[in-house]
Amino acid sequence: MSAKPTYYITTPIYYPSGKWHIGHCYTTVCCDAMARYKRMSGYDVFYLTGTDEHGQKIEKRAESSGVSPKEFVDALVDNIKQLWELLDISYDKFIRTTDAYHVEAVQKIFKKLYESGDIYKSGYKGKYCTPCESFWTESQLVGGKCPDCGRDVVETEEECYFFRLSKYSGRIRKLLTETGFLEPSSRVNEMVNNFIDAGLEDLAVSRTSFKWGVPVSFDDKHVIYVWIDALSNYITALGFMSDDDSLYKKYWPADLHMMAKEIVRFHSIIWPAILMALGEPVPKKAYGHGWILFGGDKMSKSKGNVVDPFILAERYGVDSVRYFLLRDITFGTDSNYSSEIFINRINTDLANDLGNLTKRTLAMSRQYFEGKVKKGTPTEFDADFILKIDALKAGVDERIDKLNINRALEFIFDLIGAANKYIDNTKPWALNKEGKTDELSSVIYNLLEAIRVSTNMLAPFLTKTPAIIFDALGLKLPSDFKNAKYGAVKSYQTKETETLFPRFDLKKELDELEKIAGADKEIKAEPAKEQKIEKAAEKKEEKKVAEQITIDEFFKTELKVALVTGAERVAKSEKLLKLTVRIGEEERTVVSGIAKSYSPEEMVGKSVVIVYNLKPAKLCGIESQGMILCATGENGKVVLVSPETVVDSGAEVC
RNA sequence: GGCGGCAUAGCUCAGCUGGCUAGAGUACUCGGUUCAUACCCGAUUGGUCGUUGGUUCGAAUCCAACUGCCGCUACCA
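132 is the number of the first residue of the first sequence in my numbering; add one for each residue after it.
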């Protein structure tokens with residue numbers, strides 16, 4: 132057993148949605164950098180990633196593809212593993228929720244919680260409308276009938292297991308408000324105000340509506356829903372509740388759960404509660420980072436398309452992709468992505484600064500000393516420069532401890548900039564002409580030291596280049612930071628080297644990328660935020676800008692004239708009216724937020740325009756099958772948009 | 001509607017608990033250099049620190065209101 136301190140870091144387990152994109156890469160690359168950094172700092176690191184493979188969606192998609200759910204996810208998992216291999220992700224374990232050991236452990240966890248009383252069987256009691264497949268409470272019923280279709284309902288009770296989330300409300304509140312558990316701290320308020328203080332309700336943790344999941348061991352009508360199945364991967368991966376839980380004993384609690392911000396809620400409320408119920412320690416930290424957005428500027432969408440990590444890595448190199456993600460994206464906030472930003476970043480930092488510095492230094496070392504370089508007589512610029520080299524490690528440590536990965540890289544590149552400046556200050560070519568060989572020797576040696584130390588510090592972030600640079604320096608890349616200080620290497624025998632990072636012509640690349648994008652229309656420009664636990668996955672992303680649409684897109688909206696035949700207030704609601712409208716022969720129920728401007732009486736008999744093909748939504752428990760067009764005037768006054776003269780109901784509007 | 005966050009150079013952002021002529025990177029312009037990947041170094045340009053009040057000897061920094069953007073949420077539709 133080693134006495135090393137441990138460090139357990141996790142990505143979320145990704146939901147196989149079919150397209151792995153740069154957003155998945157971001158979380159994973161960040162974790163990888165942290166994991167590598169901690170390893171090199173002497174920690175015994177365990178880095179976990181994986182996939183969340185159960186659920187109704189997978190079941191359905193597999194069915195429509197004509198394969199079994201397992202076959203369906205297998206293909207996607209192969210794909211993501213290739214991606215991680217390509218990006219040099221150094222995970223220690225890849226967990227799949229379909230792994231047998233996970234399934235078994237989840238069943239045990241569920242059973243344990245059931246036996247301790249934190250999971251109990253109950254049901255959604257209520258009136259059930261069979262054709263609508265919907266439950267209604269007494270208060271929702273209209274005249275004792277289904278508010279949706281008006282048919283009779285039957286008293287039913289659907290069985291379901293619940294987790295006593297409410298019981299842990301106080302402890303979770305403390306965890307969030309009194310410790311640094313959740314970061315960035317701005318998320319804490321959202322969680323506390325919106326959920327905890329609003330009252331946590333017990334959580335339905337089983338389903339009978341689909342089969343593709345972990346069965347409840349003592350009640351096989353039920354499968355265990357995503358919460359317990361997916362979240363507990365963080366402990367089952369370590370062998371929790373298995374025959375061998377030595378890893379669990381060693382690494383738990385996790386040092387860092389990293390995730391994108393949309394799943395913070397599950398990790399900061401539900402997951403700690405499950406652990407509390409199990410009597411296990413909660414993780415030390417959960418961090419919700421921002422999203423990578425596309426299309427913040429005038430870049431055409433087709434250019435924004437090229438965010439396929441496979442294409443980027445192939446064309447620009449893994450280190451470029453990793454560098455961009457780690458350096459350009461301010462950790463914790465959203466940022467924009469465009470091909471232009473990407474190319475500019477790798478051009479200026481990697482090609483101009485690091486690549487060029489290495490090349491010119493090595494060229495001088497060979498030209499002046501045939502590659503054999505050792506310390507010489509200091510110049511007047513040496514002392515300051517050496518101080519900077521020696522300050523690097525501590526500065527990077529400090530930033531990494533605060534998870535400021537982009538700032539850590541910025542700090543390393545400060546030294547690289549200082550080295551370029553040092554060359555201008557000392558003018559080695561002049562020293563050579565003047566025959567000041569001792570000073571020249573000192574200058575080149577110091578430069579090599581600066582390159583060595585900064586490259587050493589870059590090793591967790593870039594996985595290919597550091598080894599190449601060390602090789603050119605005549606050294607082997609170390610696996611720690613012990614020598615990341617000035618003077619640790621006394622002399623050099625350098626080698627010739629190729630260009631490390633070629634410079635890209637921005638215009639040409641943008642054109643090229645657009646061509647590639649054009650050839651691959653399947654990949655759509657979309658915000659990179661798909662690591663999912665089911666619910667968040669269903670959210671559609673909304674376009675930020677008032678974007679122009681084509682006429683075809685507009686015509687997707689079917690607008691029709693409808694005659695209001697009935698109207699009543701919705702109980703418990705200030706704004707809503709429940710309207711019955713006739714569209715030609717058809718009758719529909721539409722709920723509309725116009726009660727403050729129109730009374731039910733004056734609505735009856737009016738002609739209105741409705742969005743006919745709008746997906747139905749439940750408002751106040753009533754299904755609204757369309758939307759009435761209104762204009763919002765001053766003071767929030769709502770005005771109906773209606774035909775100027777009488778037309779038949781059902782008439783199309785265009 | 002409720003809660004929260006943010007608004008600093010063309011762009012991306014630093015500016016902690018109030019204090020010297022408001023910073024960095026990038027882009028632009030000019031100059032320098034030649035070891036180097038049309039690179040590097042320097043200089044210049046560029047900001048009423050969202051608006052208006054307040055506290056203070058003094059505010060980008062604290063307080064209030066307003067405007068705008070964003071996030072979460074809700075009986076938004």
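Beta carbons are placed, not taken as given, at the ideal position from N, Cα and C, and that holds for glycine.
Per DSSP, residue 576 has no beta-bridge partner at all. Shown here, residue 322 sits in a helix according to DSSP, grouped into three states.
Remark: C-beta atoms of residue 190 and residue 147 do not approach each other more closely than 8 Å. Non-local beta-carbon contacts of residue 461 in its own chain, meaning distances under 8 Å to residues more than five positions away in sequence, involve 421 and 537 in chain order. For a cut-off of 8 Å, the C-beta gap from residue 579 to residue 554 is around 12 Å, too long to register as a contact. Rounded to the nearest whole angstrom, the CA to CA distance from residue 504 to residue 475 is 34 Å.
Within its own chain, the residues whose Cβ lies closer than 7 Å to the Cβ of residue 540, once the five positions on either side in sequence are excluded, are 457, 458 and 592, listed in chain order. Counting only residues of its own chain and dropping the five nearest sequence neighbours on each side, residue 332 has a CB closer than 8 Å to the CB of 296 and 297.
Between residue 293 and residue 340, the C-beta gap is not smaller than 8 Å, which leaves the two residues out of contact. A buried status is given to residue 169, since no fewer than 16 other beta-carbon atoms sit within 10 Å of its beta-carbon.
In the displayed model, residue 224 falls within a strand according to three-state DSSP. In this structure, residue 171 sits near residue 611, with a CB-CB distance shorter than 8 Å. Annotated as distal: residue 303 and residue 362, with beta-carbon spacing of 8 Å or more.
Taking 8 Å as the upper bound for CB-CB distance, residue 369 and residue 418 are not in contact here, some 20 Å apart. Counting only unbroken stretches of 4 or more residues, the alpha helix (DSSP H) elements lying wholly within the segment 583 to 634 are 596 to 603, in sequence order.
In this structure, residue 755 and residue 720 form a Cβ contact; the two beta carbons are roughly 7 Å apart against a cut-off of 8 Å. Residue 218 places its beta carbon less than 8 Å from that of residue 449. Judged by DSSP secondary structure, residue 158 falls within the alpha helix (DSSP H) whose first and last residues are 153 to 171.
In this structure the segment 393 to 409 lies against the segment 313 to 331, because at least three pairs of beta carbons, one per stretch, are closer than 8 Å. By the C-beta density criterion, residue 510 is buried, having at least 16 other C-beta atoms within 10 angstroms. For residue 698, the three-state secondary structure derived from DSSP is strand.
Counted as a single uninterrupted DSSP element, the alpha helix (DSSP H) harbouring residue 407 occupies residues 402 to 409. The segment 205 to 224 makes contact with the segment 154 to 166, as at least three CB pairs between them are under 8 Å. Within its own chain, the residues whose Cβ lies closer than 7 Å to the Cβ of residue 300, once the five positions on either side in sequence are excluded, are 327 and 331, listed in chain order. Rounded to whole angstroms, the gap between the alpha carbons of residue 236 and residue 373 is 7 Å. About 5 Å separates the CB atoms of residue 713 and residue 780; that is less than 8 Å, so the two are in contact.
DSSP places residue 299 in no alpha helix (DSSP H); its state is neither H nor E.
In the structure shown, residue 310 adopts coil according to DSSP, grouped into three states. Under the three-state reduction of DSSP, residue 712 is assigned to strand. As far as DSSP is concerned, residue 509 takes part in no beta bridge. A check of alpha carbon separations from residue 589 across 152, 164 and 143 identifies 164 as the nearest. The beta carbon of residue 238 sits closer than 7 Å to the beta carbons of 345 and 348 from its chain, once the five residues preceding and following it are set aside; these are given in chain order. Counting of Cβ neighbours within 10 angstroms places residue 630 among the exposed residues, the total staying below 16. Going by DSSP, residue 329 is part of no alpha helix (DSSP H) at all; its letter is neither H nor E.
Taking 8 Å as the cut-off, the Cβ atoms of residue 647 and residue 442 count as close. Pairing residue 770 with residue 739 gives a Cβ-Cβ distance that is not under 8 Å.
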